[in-house]
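Going by full-length UniProt numbering, the sequence shown opens with residue 1, and the numbers climb by one from there.
Ideal Cβ positions, reconstructed from N, Cα and C, are used throughout, including at glycine.
Remember, predicted model here, so these are calculated numbers, not experimental data.
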Amino acid sequence: MGVFSPAPYHILSYGTLLGTTVFHTFVGGIISFKVLPRPQFGALMAHIFPVYFSMQAALPAVLALTYPGSRNPFGAAGGVAGVLDRSNRWTVLAPLASALLCAVGNLAVVGPRTTRVMDERRQQERKDGKKAYDAPPHSQEMQTLNRRFSMLHGISSLLNLGTLVATIAYGVTLSSRLA
C-alpha cells in the first residue's frame with residue numbers, strides 16, 4: 001500500500017469532499033450570514049463559491065481516478081474502469097456522477113448567473129436608493145431581480161444538497177468495503 005497506492009488519496013479526497021460540503025453548508029455559510037453585513041456576506045460568497053464548487057467538481061473526479069479495485073482477482077478493477085464496472089453502476093458510478101453533475105451545474109451555470117443577478121440588484125439599489133432586502137415596496141425591476149435571485153439561490157441550494165446526498169451515499173458504499 002503506502003504512498004504509491006491510490007487508496008489513501010481516495011480516502012483523503014472523500015473526506016475533503018464531505019468535510020467541505022458539510023462545513024460550508026451547515027457551519028461556515030450560516031455563521032457568515034449571521035455575522036456579516038449583507039454586502040460583505042455577498043462579497044465573501046461571491047469569492048468562496050467558485051473555489052467551493054470547483055472543489056466539489058474536482059473531488060468526485062479524483063475519487064473516480066483513485067477508486068480502489070477489488071482485492072479479489074476476479075472482482076472489479078481499480079480507477080475509472082472500476083467505477084464504470086457494471087457491478088458498481090448504482091453504488092459507485094451513480095453517486096460520484098451525481099455529485100459531479102450537481103457541482104458542475106453550480107460552478108458553470110447557476111453560480112455565475114446568481115452572481116450576475118446580485119450585481120444587477122446592486123445597480124438597481126443605486127437607482128432606487130433602496131436595498132433589495134429593505135421592506136417593500138420595491139420597484140418592478142427590483143421585484144423581478146429579487147424573484148430571479150431567490151429562484152437561482154434555491155436551485156443552487158438544491159444542487160449543493162444533491163452533492164451532499166450523493167457524497168453520503170457514496171460514503172455508505174465506501175464504508176462497506178472496510179471489512
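Which term fits Y133, buried or exposed, when burial requires 16 or more other beta carbons within 10 angstroms of its beta carbon?
Under this definition Y133 is an exposed residue.
Answer yes if the region 99-116 comes into contact with the region 155-169, meaning at least three C-beta pairs across the two stretches below 8 Å, and no otherwise.
Contact between the region 155-169 and the region 99-116 is present: three or more C-beta pairs spanning the two stretches fall below 8 Å.
Could you please give the first and the last residue of the uninterrupted alpha helix (DSSP H) stretch that includes K34?
Start and end: 29-35.
Determine, using beta carbons only, whether L107 and F41 come nearer to each other than 7 Å.
Not closer than 7 Å, so no.
Quick check: the Cα distance between M118 and R38, rounded to an integer number of angstroms?
Their Cα atoms are separated by approximately 11 Å.
Would the beta-carbon of A46 fall within 7 Å of that of S98?
Contact annotation: A46 and S98 have beta-carbon atoms that are not nearer than 7 Å.
Environment of A81 [buried if 16+ CB atoms lie within 10 Å]:
Label assigned to A81: exposed.
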